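Below you'll find the structure, written out as structure tokens, and then a few comments.
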Amino acid sequence: MENKLALNDNLSLSRIIHGYWRLRDWNLSDQELLKLIEQVLELGITSFDHADIYGNYTCEAYFGRALALKPSLRDQMELISKCGIRLNTDANPELDVKIYDYSFNYIVQQAEASLKHLGTDRLDLLLLHRPAPFFNPEEVAKAFDKLKQSGKVLNFGVSNFTPMQFDSLQSHLDMPLATNQVEISVSCLEHFENENMEFLQKHNIKPMAWSPLAGGGLFKPQSDKEHRLHSVLKEIAAALNVESIDQVMYAWLLKHPAGIMPIVGSQHINRIKSAVDALEVEMSLEQWYKIYIASKGDELP
Amino acid sequence: MENKLALNDNLSLSRIIHGYWRLRDWNLSDQELLKLIEQVLELGITSFDHADIYGNYTCEAYFGRALALKPSLRDQMELISKCGIRLNTDANPELDVKIYDYSFNYIVQQAEASLKHLGTDRLDLLLLHRPAPFFNPEEVAKAFDKLKQSGKVLNFGVSNFTPMQFDSLQSHLDMPLATNQVEISVSCLEHFENENMEFLQKHNIKPMAWSPLAGGGLFKPQSDKEHRLHSVLKEIAAALNVESIDQVMYAWLLKHPAGIMPIVGSQHINRIKSAVDALEVEMSLEQWYKIYIASKGDELP
Amino acid sequence: MENKLALNDNLSLSRIIHGYWRLRDWNLSDQELLKLIEQVLELGITSFDHADIYGNYTCEAYFGRALALKPSLRDQMELISKCGIRLNTDANPELDVKIYDYSFNYIVQQAEASLKHLGTDRLDLLLLHRPAPFFNPEEVAKAFDKLKQSGKVLNFGVSNFTPMQFDSLQSHLDMPLATNQVEISVSCLEHFENENMEFLQKHNIKPMAWSPLAGGGLFKPQSDKEHRLHSVLKEIAAALNVESIDQVMYAWLLKHPAGIMPIVGSQHINRIKSAVDALEVEMSLEQWYKIYIASKGDELP
Numbered sequence: 001m002e003n004k005l006a007l008n009d010n011l012s013l014s015r016i017i018h019g020y021w022r023l024r025d026w027n028l029s030d031q032e033l034l035k036l037i038e039q040v041l042e043l044g045i046t047s048f049d050h051a052d053i054y055g056n057y058t059c060e061a062y063f064g065r066a067l068a069l070k071p072s073l074r075d076q077m078e079l080i081s082k083c084g085i086r087l088n089t090d091a092n093p094e095l096d097v098k099i100y101d102y103s104f105n106y107i108v109q110q111a112e113a114s115l116k117h118l119g120t121d122r123l124d125l126l127l128l129h130r131p132a133p134f135f136n137p138e139e140v141a142k143a144f145d146k147l148k149q150s151g152k153v154l155n156f157g158v159s160n161f162t163p164m165q166f167d168s169l170q171s172h173l174d175m176p177l178a179t180n181q182v183e184i185s186v187s188c189l190e191h192f193e194n195e196n197m198e199f200l201q202k203h204n205i206k207p208m209a210w211s212p213l214a215g216g217g218l219f220k221p222q223s224d225k226e227h228r229l230h231s232v233l234k235e236i237a238a239a240l241n242v243e244s245i246d247q248v249m250y251a252w253l254l255k256h257p258a259g260i261m262p263i264v265g266s267q268h269i270n271r272i273k274s275a276v277d278a279l280e281v282e283m284s285l286e287q288w289y290k291i292y293i294a295s296k297g298d299e300l301p
Numbered sequence: 001m002e003n004k005l006a007l008n009d010n011l012s013l014s015r016i017i018h019g020y021w022r023l024r025d026w027n028l029s030d031q032e033l034l035k036l037i038e039q040v041l042e043l044g045i046t047s048f049d050h051a052d053i054y055g056n057y058t059c060e061a062y063f064g065r066a067l068a069l070k071p072s073l074r075d076q077m078e079l080i081s082k083c084g085i086r087l088n089t090d091a092n093p094e095l096d097v098k099i100y101d102y103s104f105n106y107i108v109q110q111a112e113a114s115l116k117h118l119g120t121d122r123l124d125l126l127l128l129h130r131p132a133p134f135f136n137p138e139e140v141a142k143a144f145d146k147l148k149q150s151g152k153v154l155n156f157g158v159s160n161f162t163p164m165q166f167d168s169l170q171s172h173l174d175m176p177l178a179t180n181q182v183e184i185s186v187s188c189l190e191h192f193e194n195e196n197m198e199f200l201q202k203h204n205i206k207p208m209a210w211s212p213l214a215g216g217g218l219f220k221p222q223s224d225k226e227h228r229l230h231s232v233l234k235e236i237a238a239a240l241n242v243e244s245i246d247q248v249m250y251a252w253l254l255k256h257p258a259g260i261m262p263i264v265g266s267q268h269i270n271r272i273k274s275a276v277d278a279l280e281v282e283m284s285l286e287q288w289y290k291i292y293i294a295s296k297g298d299e300l301p
Numbered sequence: 001m002e003n004k005l006a007l008n009d010n011l012s013l014s015r016i017i018h019g020y021w022r023l024r025d026w027n028l029s030d031q032e033l034l035k036l037i038e039q040v041l042e043l044g045i046t047s048f049d050h051a052d053i054y055g056n057y058t059c060e061a062y063f064g065r066a067l068a069l070k071p072s073l074r075d076q077m078e079l080i081s082k083c084g085i086r087l088n089t090d091a092n093p094e095l096d097v098k099i100y101d102y103s104f105n106y107i108v109q110q111a112e113a114s115l116k117h118l119g120t121d122r123l124d125l126l127l128l129h130r131p132a133p134f135f136n137p138e139e140v141a142k143a144f145d146k147l148k149q150s151g152k153v154l155n156f157g158v159s160n161f162t163p164m165q166f167d168s169l170q171s172h173l174d175m176p177l178a179t180n181q182v183e184i185s186v187s188c189l190e191h192f193e194n195e196n197m198e199f200l201q202k203h204n205i206k207p208m209a210w211s212p213l214a215g216g217g218l219f220k221p222q223s224d225k226e227h228r229l230h231s232v233l234k235e236i237a238a239a240l241n242v243e244s245i246d247q248v249m250y251a252w253l254l255k256h257p258a259g260i261m262p263i264v265g266s267q268h269i270n271r272i273k274s275a276v277d278a279l280e281v282e283m284s285l286e287q288w289y290k291i292y293i294a295s296k297g298d299e300l301p
């Protein structure tokens, strides 16, 4: 399977994406992070997923400092970020509660802040982090236009949107939304059940998958569902002759015809390589369904 | 904020609408009702919401008798009515159960009855009162065409419809549906959760909101949810320097970018004025979300 | 009511359809089955519903052997079949679990198997049996194209699909899907509640109804719901002067404006005739709603 996927005429991402929501916790020096980025690029992973709020608004700057040590890497990668959530942390002392802000000014301000923190002149892809009950698609469209025309953001997408939320925003845009980043894993079948997968396939939009390993709980199964999944994942890992169940979980996502792009959130290069190796795993249709059925806990209707 | 909203090229409603579902209970003389109507018009409220069945089929006639005392008022107002529900009351002794009737004949008959009771030659807007499991969009389209071509009804809409119900009917019509009248309030978030708000914003259709004060329960909170809401509404009323929480509830609806038109169902001119005054209240985005979060009982995801 | 319904320019089905999912259990000789088919045709029923998997992959061949006794009947009938489910029975010893297979090869293979078993050179209509979490609409489109261009399948449809599933597949096809075969009965209102009826009416697609008698449970009511329905069906049967409640259940389906086509699964010609006779029953709107309300257990909102 190719480790490159065209989302539209102007944007291709690597099939496996490296995600940085826990970057602050990795406690890497700038040099160590630069080394990790270079190793990741050598694996063929060229797409890097950020958000303004990761690490309480710090992760983008960590990445930017590492990238500044070798700026030539920028042209080998696609940088993705997100905006729209405003945390009620010490970073925003004026806020009593977490809110979503999709005003023109806030979208533009946060995209520009991401550029500054990442140390780049452009984002390849900017996502709206979550759907919001207070949302003005016309205003969002104006913010996207401004960011696009200034060359600061090349492509736009969303995260955690339902079909109607996607459709409503799309109707107000001149450009096609490039992706919807949603939670998909052997343990989280939500988007198989809320019609999102069908919607994405209708429009030939490839989703990014966050938490593709279901948060890690399957490595130490506790609930009935985790035990069912762990057992079938082990069985299939053995049948496929792969070392670990994480590779089976990635292969399960990659086999699906929707073109799912898993976001790998690890700092360990061997764990990241395991995802890339999953591109070569040939899972059978019955194996795919065995995992699906173990997750549901019921045979198919 | 302007107290006039264009629904399409031919129809503008006042942002605040006066509703008459309890008119019978107000026990007003024709003269008293006329006086109320004139006071309401002086506040800039020009749109009046009726339905054939209000007051067991009597409210429209009450209004018509008051209007007959000063017929020149008709051209200063937009008259809205609804049809489709057939009550199993003494008014319909042949019915054992309440049913919905969207046959060609029934729609035309009820629209004509509304004209007669209201004492007018035209409705500015006729709504289908509720979606129905027995519904023939082609037949409804024919009834709308007949009423439109005869000049008896100038615009058409629906009430309590889901996106698919709206879409299905719209597909069979030559004219655009003007609105969807649904229940929205700080306490009823249903249409933020069933994708209706996104659908309406996609098509730039402004909703009318019935029960915008949540039935009044928040003035004497009992449930946990009511206490949470009452507390945050009081806090925000103080911060905004407004006298009563109803004004905060109206301002919360008016701030939303979907263009919500609250239907005020009071006979008391000071209560009605409170809604109009809400047009001038400047609520912050965080205040809007504080109310939303208090209603849900959970912080945002 | 006419016993013929145009689904598109090339396909008309009889309003009542004869279904063969229990054919194996009927234990009919080829001659007896031929006689039944001829009697059914005499009633004006020309459409026959099959699936590859009925009777653990045997029913189509039973039907084919009977038809072979009088091949001239083929041109008087429309043959419908389905594919996509792979049972983990002795017929597929390689499978540990039941799976769905909508690969190009499997669709073509199963359609060709249906032709062979039924002893015909063409299916008038091929349905995808169930929506699947693993589904590639582009691949399905190619299989449909191949089957259509070879003349082996004249029309295509789906079964048990939701609106988005239908829409997603339709978007990848050049030809319109002809129908969606779903469960509808006085006892199963699912498709009145999941927006499928509205979707079908929007696109003027007539549904086929499987299990139109709700599995027969209403003849010997046990649950509260069954007792409510049985009681109102008896009352309406008496009012309409029809002999049995099954005819009321068919009339309830036939009256609906969506153009529902009930699939009758009986081997008894008098039971089948009862469905055809329902075409002449004139149920009132209130009777229709009384049944609906009895099924829901609540009056209308």
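Chains as they are written, first to last, in the UniProt record's numbering: chain A, 1 to 301; chain B, 1 to 301; chain C, 1 to 301.
Virtual Cβ for every residue (Gly too), placed ideally from N, Cα, C.
Here the structure is a predicted model, which means the values were calculated and not measured.
Within 9 Å of any Cβ in chain C, is that where the Cβ of residue i sits?
i, result
"Glu190(A)", "no"
"Gln165(A)", "no"
"Glu198(A)", "yes"
"Tyr57(B)", "no"
"Glu195(A)", "yes"
"Glu32(B)", "no"
Can a CB atom of chain A be found closer than 9 Å to the CB of residue i?
i, result
"Phe104(C)", "no"
"Asn180(C)", "no"
"Ser168(C)", "yes"
"Pro93(C)", "no"
"Ser171(C)", "yes"
"Ile184(C)", "no"
"Ile53(C)", "no"
"Thr162(C)", "yes"
"Ile85(C)", "yes"
Quick test of your reading: residue i and residue j, contact by CB under 8 Å. State the CB separation rounded to the nearest angstrom.
i, j, result
"Pro133(A)", "Phe192(B)", "5 Å"
"Ile291(C)", "Leu233(C)", "7 Å"
"Lys202(C)", "Asp167(B)", "6 Å"
"Ser81(B)", "Glu60(B)", "7 Å"
"Phe156(A)", "Met175(A)", "7 Å"
Mind listing the chain A neighbours of residue i? Cutoff is C-beta to C-beta under 9 Å, in chain order.
i, result
"Val97(C)", "Glu286, Tyr289, Lys290, Ile293, Glu299 and Leu300"
Can you list the residues of chain A that residue i reaches, using a CB-CB cut of under 7 Å?
i, result
"Leu136(C)", "For clarity, residue 136(C) is Asn in the given sequence; the question names Leu instead. Correct list: Pro257."
Is the beta carbon of residue j closer than 9 Å to that of residue i?
i, j, result
"Gly84(C)", "Gln110(C)", "yes"
"Leu118(C)", "Gly64(C)", "yes"
"Leu125(A)", "Thr179(A)", "yes"
"Tyr62(B)", "Leu33(B)", "yes"
"Ala251(A)", "Ala294(A)", "no"
"Leu128(A)", "Val108(A)", "no"
"Leu18(C)", "Asp52(C)", "Per the sequence presented here, residue 18(C) reads as His, with Leu not at that position. Not a contact, by the Cβ cut-off of 9 Å."
"Leu169(A)", "Val140(A)", "yes"
Contact criterion: CB-CB distance below 9 Å. Does residue i meet it with respect to chain B?
i, result
"His230(C)", "no"
"Lys202(C)", "yes"
"Asn270(A)", "no"
"Glu280(A)", "no"
In chain B, what lies closer than 8 Å to residue i by C-beta?
i, result
"Asp145(A)", "Residues of chain B passing the Cβ test: none, with the nearest at roughly 17 Å."
"Tyr100(A)", "Tyr289 and Leu300"
Run down chain A in chain order and give the residues with a C-beta less than 8 Å from the C-beta of residue i.
i, result
"Arg130(C)", "Leu300 and Pro301"
For residue i, return the contacting residues in chain C, with the cut-off set at a CB-CB distance below 7 Å.
i, result
"Pro133(B)", "Phe192 and Tyr292"
Segments of 4+ residues assigned as alpha helix (DSSP H) that fall wholly inside the segment 151-176 of chain C: 163-171
Jot down the residue ranges of each uninterrupted alpha helix (DSSP H) in the segment 104-134 of chain A, minimum 4 residues, whole runs only, in chain order. 104-118
Which runs of the alpha helix (DSSP H), 4 residues or longer, sit entirely within the segment 247-289 of chain B? 269-277
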